[in-house]
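Peer 1: Per mature numbering (1 follows the signal peptide of the UniProt record, and there is no 0): the sequence shown = residues -29 to -1, 1 to 114.
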Amino acid sequence: MTTSGFIMTNTLLLAAVVAALSAGAPVHAGAAADPAPVVLSEADAVKPAVLPVGATSTLRLESNPSTGFGWQVLEARNLRVEEPFAIEQAPASGVPIVGAPGTAVIRITPRGKGSASLALVYKQPWMETTSDDRVMHFVFDAQ
C-alpha cells in the first residue's frame, strides 16, 4: 500500500468513527443534573419532607446495636428501603468502644412521584412488637 493509500484509508476510517459517535444520543448543554439526595434525621419526622425521585436519600437515626436493639421497617409506602441498615460508629476518641452508640444509616428511594411514608420501630428483632416500643413515622412528598 502506498503512503497516499494508507492516508486515504485512515481518513475514511476516522470519518466513519466520528460519524458513528455523533449518531448517539444528543448531549444538551445545561441539561439538568441528577437530583441531589437528601439527608434526614429524627427531626424530620415532625413534618413532610421533600424527596427527589431518582435519588437515594439517607435517614440517620441514633442506634445502639450492642444492646440488640435496632431499627426495623414496619411499613414503607412508595419507597424502596435498602436493608440491612448500615451502622456507623464514630467515637470522639477515634478508638471504637464496645457498647458505644452509633447511627443507623437507612437508605430510601422513592418509587415514583407522590406521597410516600415510612414507619420504623426500634426494638430487638426476637421480641414481639408492643405499644411500648419506640416508633417513628416519616411522611414524604416525592417530586
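Glycine included, every Cβ here is placed at the ideal spot set by N, Cα and C.
1. State the beta-bridge partners of E46 as determined by DSSP.
2. Relative to the C-alpha of T38, which candidate in Q114, Q95 and A75 has its C-alpha closest?
3. Could you check how far apart the C-beta atoms of R105 and T29 are, in whole angstroms? I think they sit under 8 Å.
4. If you draw a straight line from the C-alpha of N49 to the C-alpha of V21, how long is it?
5. Are the CB atoms of L45 and A90 within a distance shorter than 7 Å?
6. Using a 10 Å radius around the Cβ and a threshold of 16 neighbouring Cβ atoms, would you call W42 buried or exposed?
7. Give the DSSP bridge partners of D5, in chain order.
Peer 2: Let me spell this out:
1. On the sequence shown, position 75 is the one that residue 46 refers to. For E46, which the question treats as bridged, DSSP gives the partners A90.
2. In the sequence shown, residue 38 corresponds to position 67, counting from 1. Among Q114, Q95 and A75, the Cα nearest to that of T38 belongs to Q95.
3. Position 134 of the sequence shown holds residue 105. Position 58 of the sequence shown holds residue 29. 20 Å between Cβ atoms; not a contact.
4. Position 78 of the sequence shown holds residue 49. Position 50 of the sequence shown holds residue 21. N49 and V21: Cα-Cα distance of roughly 13 Å.
5. Indexing the sequence shown from 1 puts residue 90 at position 119. Indexing the sequence shown from 1 puts residue 45 at position 74. In contact: A90 and L45 (Cβ atoms closer than 7 Å).
6. Locating residue 42 in the sequence shown gives position 71, where the first residue counts as 1. The Cβ neighbour count for W42, taken over all protein chains shown within 10 Å, is at least 16; the residue is labelled buried.
7. Here residue 5 corresponds to residue number 34 of the sequence shown, with the count starting at 1. By DSSP's assignment, D5 forms no beta bridge with any residue.
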